[in-house]
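> At position 316 of the sequence shown the residue is numbered 316 (this note's numbering), and the sequence of numbers has no breaks. Glycine included, each C-beta is placed from N, C-alpha and C at the ideal position.
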Amino acid sequence: MYGYEILHEEIAESLIKNVRERTVQHAYIFEGEEGVGSLECAGLFAQTLVCEKDDTAPCTVCNACIMAKAETHPDIYFIKPIPGKKNITVDQIRTVVTDAYTKPYESGRKVYIIAYGDDMNEQAQNAFLKVLEEPPQYAVFIILAENYESLLATIRSRCTRVRFNPVTNAKIREYVKKHFPDETEKLEFLVRYSGGVAGNVEKILGAENFIPLRATAFDKLESLLSNRFLDAYVIADFVEENKDDADLILKFWQEFVRDIMLIQSECRELVQNGDFIDRLINISNRVPEKRIVRTQEQLLLAQKMRRRYVSLHTLCLRLAFSIKKK
Ligand SMILES: [Zn+2]
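The structure is reproduced here in structure tokens:
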């Protein structure tokens, strides 16, 4: 779409319509998992906002469009944590606020895209609030956030919320075929594990240890499902040791447990992890259905709580203990 990889066409079309009809808001929160497609959409929206043609933006051929696409437009700012820092700092935000009150250089607008906005601490968010309270009429702020609730209520109330949900399997299939034509053998595998998030496809293909990690995660399934409380520490330690892949591990377990539920409900033909079928059947014969269902519930909960917990270890202990409770 206009040279961008847009997976949420309806959202993009509606934002473009806002520009053409001059109903643009001052601030947006693009809410969605990293890699889901919100960043690309923010790029297209920013290009549309600075395009020289009002009614046909983004025209894709004017100077502004060309610079925006090349990420060299002087009125489009991309703010992200500086190398070595975990979050955007309050000083970075203060610079944005000061800069926002100076007029645009080239176009009629200034666009600020703020990555990982929900990771800003309270001090940075409060500094940002100042410009949201009295935004210059030419400024548009786009905050990218995975967790809407992590933003201050005072910020949320001044922004238009745009949700980017995971896309359908069919879209991910198309995406893989287009961008990774050599990986069609892994197609269904990638579709299953990406969870509707295109960015995860790259992550999976890039993770050299994906296959061995999946096998180890399967080995740890016994500890996850057992009723021995000490096994909770095995689980927490394992996830902590692989903390960069924690989300993937939770996803693996969800997939395995889902298969066990299918076997227990006599739907063996729907099992996805066919390479582990014998061991899956063995577990489904030994572990009571009630505990399997509880495990799936707790895995989903843990995934949701991921970003709220300071300690991954504590989160996983909580997960494993809740499966083992009587
Ligand atoms: Zn243009």
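Can you name the residues that DSSP bridges to V111?
DSSP, once it has assigned bridges, lists I76, V140 as partnering V111.
> Buried or exposed: P58, going by 16 or more other Cβ atoms within 10 Å of its Cβ?
So P58 ends up on the buried side.
> Buried or exposed: which applies to D75, given that a residue is buried once 16 or more other Cβ atoms fall within 10 Å of its Cβ?
Answer is buried; the Cβ neighbour count reaches 16.
> Given this structure, state the Cα-to-Cα distance separating K137 from S223, to the nearest angstrom.
Checking the sequence, you will find Gln at residue 137 rather than Lys. In a straight line, the C-alpha of Q137 is about 58 Å away from that of S223.
> With DSSP as the reference, label T160 as helix, strand or coil.
Strand, per DSSP.
> Please enumerate, following chain order, all residues with a beta carbon closer than 5 Å to at least one heavy atom belonging to ligand 1.
Those residues are C51, C59, C62, C65, given in chain order.
> With 16 as the cutoff for other CB atoms within 10 Å, does M120 come out buried or exposed?
Under this definition M120 is a buried residue.
> Using the C-alpha atoms, what's the distance from Y175 back to P181?
Approximately 9 Å between the Cα atoms of the pair.
> My guess is that L300 and W253 are in contact by the Cβ rule of under 8 Å, so how many angstroms apart are they, rounded?
L300 to W253, Cβ: 11 Å. No contact.
> Determine the extent of the alpha helix (DSSP H) in which Y175 is found, giving its start and end residues.
Residues 169-179.
> Determine whether the beta carbon atoms of A70 and Y112 lie at a separation below 8 Å.
Not a contact, by the Cβ cut-off of 8 Å.
> Please work out which residues of its chain come closer than 6 Å, Cβ to Cβ, to Q303, disregarding the five sequence neighbours upstream and downstream, and give them in chain order.
Only L250 meet the Cβ criterion.
> So which of A145, L39, V50, G108 has the shortest CA-CA distance to E31?
With distances taken between Cα atoms, E31 lies closest to A145.
> So who's on the other strand from E31, going by DSSP bridges?
Beta-bridge pairing links E31 to A145, R163.
> Return the first residue and the last residue of the alpha helix (DSSP H) that V413 is part of.
Residue 413 lies beyond the range of the chain shown here (1 to 326); nothing can be said about it.
> So, under 8 Å CB-CB, G35 and V197 are touching, yes? Tell me the CB distance rounded to an integer number of Å.
Indeed, because the Cβ distance is near 5 Å, the residues count as touching under 8 Å.
> Going by C-alpha distance, which of E5, R291, S38 is nearest R163?
Taking only the C-alpha atoms, the option nearest R163 is S38.
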